[in-house]
Amino acid sequence: MFDANELRILISGAPGEIDVNDWRNHSQYRAPYSKEHPVIQAFWRCVHDFTEDQKRKLLKFTTSCSRPPLFGFKELYPEFCIQSAGSEIDRLPTSNTCINLLKLPEYKDENVLKEKLLYAIQAAAGFEYS
């Protein structure tokens, strides 16, 4: 049997810091993105630089849960995925939490990517508010 804390962890995910390298290693990309694509490289640099709170907000924005899976991102189903949202730099990133999908525009500038991503995750307007 599980005590209340163990049950909470099983349902809500692991407490503690988010392992960005684990998250990155268990992520998928849809063409034209790949792990070597400049936008994806910039995205992960931004995530590495985020505070823990910002990482949790990004995770919640993309998966609807602010904690990683108990046994790491290899247990996230479906796998976290990033796809292009086109090249319009005025667009904000969006997500589809049902399938753990981040729709990321093809920003040419890393500072713009970070600014737009932070704006999107901190706006806190998601499906639950519609």
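So the mapping is simple: my numbering equals the position in the sequence shown, first residue as 1, plus 1108. Glycine included, C-beta positions come from ideal geometry on N, C-alpha and C.
Cα-Cα separation between residue i and residue j, rounded to whole angstroms
i, j, result
"N1133", "G1124", "19 Å"
"S1174", "P1140", "28 Å"
"P1177", "S1195", "32 Å"
"G1180", "D1217", "31 Å"
"K1211", "I1229", "13 Å"
Local conformation of residue i per DSSP, three classes
i, result
"C1173", "coil"
"K1216", "coil"
"S1238", "With a pLDDT of only 35 at S1238, under 50, the local geometry of the prediction cannot be trusted, and no value is derived from it."
"F1110", "coil"
"L1221", "helix"
"F1188", "strand"
Anticipated Cβ contact below 8 Å, residue i with residue j, distance rounded
i, j, result
"E1214", "Q1136", "The pair is not a contact, with the Cβ atoms about 17 Å apart (cut-off 8 Å)."
"I1190", "R1164", "Not quite, the Cβ-Cβ distance comes to about 18 Å (not below 8 Å), so this is no contact."
ask   = Hey, which unbroken runs of the beta strand (DSSP E) at 3 residues or more fall wholly within the segment 1132-1159?
value = 1135-1137
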